[in-house]
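Student: Before anything else, here's the structure in question.
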Amino acid sequence: MSILDGKAGDRRLYMGNECIARGALEAGVSVAAGYPGTPSSEIIETLAKAAKQAGIYVEWSANEKVSLEVAAAASFAGLRSMCVMKQNGVNVASDFLLHLAGSGTRGGMVLVPCDDPGALSSVNEGEARHFARLVEIPLLEPGDFQEAKEMTQWAFELSEELRTLVMLRSVTRLSHASGNITLGDIPPQTRQARFVHGGFILDPMEGPVMSAPVTYKHGQQQDRIRRAAEIFETSPFNTYTGPESPELLLITSSACNLYSKEAIHLLNVQDRVGLLKLGTTWPLPEKLVARHLAAAKAVLVVEEILPFTEENVKVLAQEISGETGYRKFYGKRDGTIPSTGELSPDIVAGALAKVLGVTYEAVDPNYKAKANQYAFFGAPNRDLTFCPGCPHRASFWNIHNVLAADGREGFVCGDIGCYSMAVLPSGFSTLKTLHAMGSGTGVASGFGKLAPFGMDQPVMSVCGDSTFFHAALPALVNAVHHKSDITMAILDNSGTGMTGFQSHPGLATDAMGNEVPSIDIAGVCQALGAEVRIADPFDIQDTQAVLHELLETKKGVKVLILRQICALSPQKKGKKSFDMEVDADLCRGEDCGCNRLCTRIFRCPGLVWDAENKRSVIDEVICAGCGVCASICPAGAIKKKEIAKVA
Amino acid sequence: MTGIAKDPYNVIITGVGGQGNVLASRMLGNLLSDQGLFVTIGETFGASQRGGSVMSHLRVSRTSAWSPQIPLGQADLVVSLEPIEAVRVLAQYGNPGIKVLVNSRSIQPVGCISGETAYPPMDDIRKWVAELSAQSWFVDATNAAVKLGHAIFGNVMMVGALSATHELPIEREAFGRAMEAAMGPEKAKKNLQAFDMGAAMVAEAA
Ligand code: SF4
Ligand code: SF4
């Protein structure tokens, strides 16, 4: 079913990200751009699928900064535009973001960052909200599914009224949760794009668009923020439920609104606690918040992740303390609410119970003790691992073995993608540094200059094909230019595997399904002056020989492109290249000198250990038929039989 | 009135990344939402899916949306696509009144494959689940699905099995219509067959 289906009043079950996409469409968005990242990706994906029919333009940009620039251009030309990214994407975009806040916008423009409290699918707990205060743009936080749609729609109007970028912040538990919403209508596309630039230099609508003269433009931006605060005073997205003078005022926003509601329900304290849900969290609607502060005895702020609203409200409470007197605050600063990890109904219920002095026991302790005991013994942990048939398992197997044979304690610097899991045993613990997109190669470039200080370890980096274009390119340029001695492995699996196969500049199809020129990674690296080799990681002998040669005999920057399509890619999924079988007579089981190399070390979930017969066996339901394990068994017990390709 | 025994009625669908947990929860969510119920679903996506334990939380209500996370100890029904995942979920969300439907085909954690930990015997798992729940059903959905042509039908069988437990208002006809709208009459027929096989397995297991 398309996101375009349905008219005003129709009821749907939508994922939070779909609510945001639909809200943008109902606002008449014309251009949307972003870079994939969990939990944000489905917004652009949903819009891209509908783009042709809706007559809008949608792209996966090379990185988040470029996506913000692309979306801004549409706004400068008078169109409504949206830009979407995960939390740390805003860090990448932040340089342009700062200048865009200064220059102002024309057509309504909304930036949607999706934060990931608890790092459910991230290697950081960064938070985009602070950027809104830092660069001084209005911040909205939907508190449920219907609001996710409606606030998105309203964000465009607000942006147009104030002539500033508006940030609408979502979180994993909203973006990736689903709920019922009622639709509105989608208007037809009527706006014409025209960039007017010939007017007076200070004219925001007809002059050139820039953040200079800086203090003048900065002052204008602060005027806009003051006007935003005025508008927020009467916004229907700020709601209050509870007694007129509550014993405790609970201030919350975003998914924490749903947790707080549930916690109040669990503890049955509706008559003691007032719930002030803020949809417009920055700038604060000060008069509204002040009224509620005056009516309550104490305040608990429930939010993710750092004490953002807590601090803003505390500043306000101090300013009005002359009239209201002292207010006791509970929240992150006093440890009532944790300031790392995601919250949950239970955490909020626990905090409320403590503050109110009531007891809450979720489960009967006898049941709990028994269940815990069974789970401890009976539910062994599931470590994250590469998919069966994943090219990365083979790539890291090769890299790991070559570095081990080399014997100089070589190591690999990594970055963000499925291959980050190579810090774990399922990637043979090959990655030794793990930071931001493209950072593996930047850090390696630095390591590669440490020979004069006595460092003699081989230095490698890895990055994916999408990451290569995102942020590894400048690092590679740097390494070549400074003659750093590194080997960069580009794990080219033809797509942005981790987030669901979004397009990137190396592919021949764009987000909307159009044919586009693909940029050849090998050609780019060669042109930059690197020594380039290409190998198939499934060909274990060849890959290891090539890598060995690069490490031992070449100086400077070497690039090894390991090319094999992601096991989950639509081209591959469900299609096996080989029928696999373990020959029970040849498999020497525990007597084998390899000490169960196949299952103990290689650990593909498709190859399991039959403890009863002491042999390894293929699990046909799970095995992806990539054939790699056949090359690692020293006894030749794992057999592969090619499956004829159906044309 | 649409039959849910409690409001909100809390369902957890659990399994291992790659088993189609998200699709199963959406399929179920849509069937319930189409009857006018409010459904809230919380899910696990992304890297946490790769071989890890995954869970979808479904809150079913006549009146409103609920938190996408079910409070600890508050689940009413667990649908487990893998046996040990049922035990894991019970330790967090279980209570003496809970009901549990389990696909009995195991997926070994890498720790078990490598020999660091051991996968418990199936009889023990059955015993634990029975002890920790008011009622439980174990069905061999994956293996039946492989016989039907592909392991992927296993989840449809689980939905069929779920309908036969009568814990949630799931109608065969509505399922058939939804399948036909999504994938055409040919594939819908096969899915209905899987649905019926699942329902029959619960009748036998009971
Ligand atoms: S999604 Fe692709 S790249 Fe990621 S672990 Fe699975 S096979 Fe590997
Ligand atoms: S062929 Fe071997 S390595 Fe490849 S998916 Fe199957 S079990 Fe895993």
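Heads up: the sequence lines are chains W and F, in that order. Here numbering that gives the first Met the number 0 is used: the first residue of the first sequence is 0, the next is one more, and so on. Here numbering that gives the first Met the number 0 is used: the first residue of the second sequence is 0, the next is one more, and so on. C-beta: ideal position from N, C-alpha, C; glycine also.
What did DSSP end up calling I533(W) once you bin it into helix, strand or coil?
Tutor: Here I533(W) sits in strand by DSSP.
Student: Of all the CB atoms in chain F, is at least one closer than 8 angstroms to the CB of L161(W)?
Tutor: It does not: the Cβ of L161(W) has no partner Cβ on chain F nearer than 8 angstroms.
Student: Verify the contact flag: V111(W), CB atom, against every heavy atom of ligand 2, threshold strictly below 7 angstroms.
Tutor: V111(W): no, Cβ never under 7 angstroms from ligand 2.
Student: For R472(W), is the beta carbon positioned less than 7 angstroms from some heavy atom of ligand 2?
Tutor: Position check: residue 472(W) holds Leu in this sequence, whereas Arg was assumed. No - ligand 2 has no heavy atom lying nearer than 7 angstroms to the Cβ of L472(W).
Student: Along the alpha helix (DSSP H) that carries Q91(F), what are the first and last residues, could you check?
Tutor: It spans 82-92 - the alpha helix (DSSP H) in which Q91(F) sits, taken as one unbroken run.
Student: With H, G and I counted as helix, E and B as strand and the rest as coil, what does DSSP make of P7(F)?
Tutor: It is coil, neither helix nor strand.
Student: For the region 111-133 of chain F, which residues have a beta carbon sitting closer than 8 angstroms to at least one beta carbon of chain W?
Tutor: From the region 111-133 of chain F, only C111, I112, S113, G114, T116, A117, Y118, P119, D123, I124, W127, E130, L131 have a Cβ closer than 8 angstroms to chain W.
Student: For the pair the region 317-328 of chain W and the region 340-351 of chain W, tell me if three or more CB-CB distances fall below 8 angstroms.
Tutor: In short, these stretches do not touch, since the Cβ pair count stays below three.
Student: If the criterion is Cβ atoms closer than 8 angstroms, does the pair W608(W) and R595(W) meet it?
Tutor: In this structure, R595(W) lies closer than 8 angstroms to W608(W) by Cβ.
Student: Among S444(W), L433(W), P337(W), whose alpha-carbon lies nearest the alpha-carbon of P457(W)?
Tutor: The candidate whose alpha carbon is nearest that of P457(W) is S444(W).
Student: What would DSSP say about A198(F), mapped onto helix, strand or coil?
Tutor: Three-state result, A198(F): helix.
Student: Taking Cβ to Cβ, would you say A378(W) is nearer than 8 angstroms to I151(F)?
Tutor: No; because the gap between Cβ atoms is not below 8 angstroms, this pair is not in contact.
Student: Give me the Cα-Cα distance between D484(W) and K448(W), rounded to the nearest whole angstrom.
Tutor: Computed Cα separation, rounded: 7 angstroms.
Student: Nearest by alpha-carbon distance to T358(W): which of G106(W), G125(W), A262(W) is it?
Tutor: Of G106(W), G125(W), A262(W), the residue nearest in Cα terms is A262(W).
Student: At a Cβ threshold of 8 angstroms, is F155(W) touching chain F?
Tutor: No - not a single Cβ of chain F is within 8 angstroms of the one on F155(W).
Student: At a cut-off of 7 angstroms, would you count C82(W) as near ligand 2, judging by its Cβ distance to the nearest heavy atom?
Tutor: Result no, Cβ not under 7 angstroms from ligand 2.
Student: Just the C-alpha distance for V170(W) and L139(W), rounded to the nearest angstrom, thanks.
Tutor: So the alpha carbons of these two residues sit roughly 12 angstroms apart.
Student: Within this structure, are the beta carbons of A204(F) and D33(F) separated by less than 8 angstroms?
Tutor: No, Cβ-Cβ distance for A204(F) and D33(F) is not below 8 angstroms.
Student: Does any heavy atom of ligand 2 sit closer than 7 angstroms to the C-beta of I617(W)?
Tutor: True, at least one ligand heavy atom lies under 7 angstroms from that Cβ.
Student: Hey, would you say the C-beta of F577(W) is under 7 angstroms away from at least one heavy atom of ligand 2?
Tutor: The answer is yes for F577(W).
Student: At a CB distance below 9 angstroms, what residues from the region 374-401 of chain W approach chain F? Give them in sequence order.
Tutor: Cβ contacts with chain F come from A374, F375, F376, G377, A378, P379, N380, R381, D382, L383, T384, F385, C386, P387, C389.
Student: Might you give, ordered along the chain, the residues of its own chain that have their beta carbon closer than 6 angstroms to the beta carbon of A510(W), omitting 5 neighbours on each side?
Tutor: Here the set comprises A47, V57, E58, W59, S502.
Student: Look up P112(W) in the DSSP assignment and say whether it is helix, strand or coil.
Tutor: Residue state, collapsed to three classes: strand.
Student: Rank Y329(W), V314(W), G103(W), K85(W) by C-alpha distance to the C-alpha of L248(W) and give the top, closest one.
Tutor: Of Y329(W), V314(W), G103(W), K85(W), the residue nearest in Cα terms is Y329(W).
Student: Any C-beta of chain W sitting closer than 8 angstroms to the C-beta of V59(F)?
Tutor: V59(F) does not count as touching chain W.
Student: Taking 7 angstroms as the line, does the beta carbon of A583(W) fall inside it for any heavy atom of ligand 2?
Tutor: Every heavy atom of ligand 2 is 7 angstroms or more from the Cβ of A583(W), so no.
Student: Please list the partners that E42(F) has in chain W, where partner means a Cβ-to-Cβ separation under 9 angstroms.
Tutor: Within chain W, the residues near E42(F) are M14, H175, A176, S177.
Student: Can you find a C-beta in chain F that's less than 8 angstroms from the C-beta of D464(W)?
Tutor: By this cut-off, D464(W) is not an interface position.
Student: Which residues, taken in chain order from the region 130-147 of chain W, show a beta carbon closer than 7 angstroms to some beta carbon of chain F?
Tutor: Correct list: D143, F144.
Student: If you reduce the DSSP assignment to three classes, tell me which class F395(W) lands in.
Tutor: Helix, per DSSP.
Student: Which residues are close to ligand 2, meaning CB closer than 5 angstroms to any heavy atom, in chain order?
Tutor: Listed by chain position, these are P387(W), G388(W), M579(W), C603(W), G605(W), L606(W), C622(W), A623(W), C625(W), V627(W), C628(W).
Student: Report, in whole angstroms, the separation of the C-beta atoms of T384(W) and P604(W), which I expect to be a contact under 8 angstroms.
Tutor: That pair is a contact at about 6 angstroms.
Student: Using the three-state DSSP reduction, which class does C591(W) fall into: helix, strand or coil?
Tutor: Three-state result, C591(W): coil.
Student: Look up Y56(W) in the DSSP assignment and give the residues it is bridged to.
Tutor: Its beta-bridge partners are V30(W).
Student: Give me the Cβ distance between V176(W) and G15(W), rounded to the nearest whole Å; I'm assuming they're in contact under 8 angstroms.
Tutor: Looking at the sequence shown, residue 176(W) is not Val but Ala. The pair is a contact, with the Cβ atoms about 6 angstroms apart (cut-off 8 angstroms).
Student: Can you find a CB in chain F that lies within less than 8 angstroms of the CB of Y418(W)?
Tutor: Answer no: the Cβ-Cβ gap between Y418(W) and chain F never drops below 8 angstroms.
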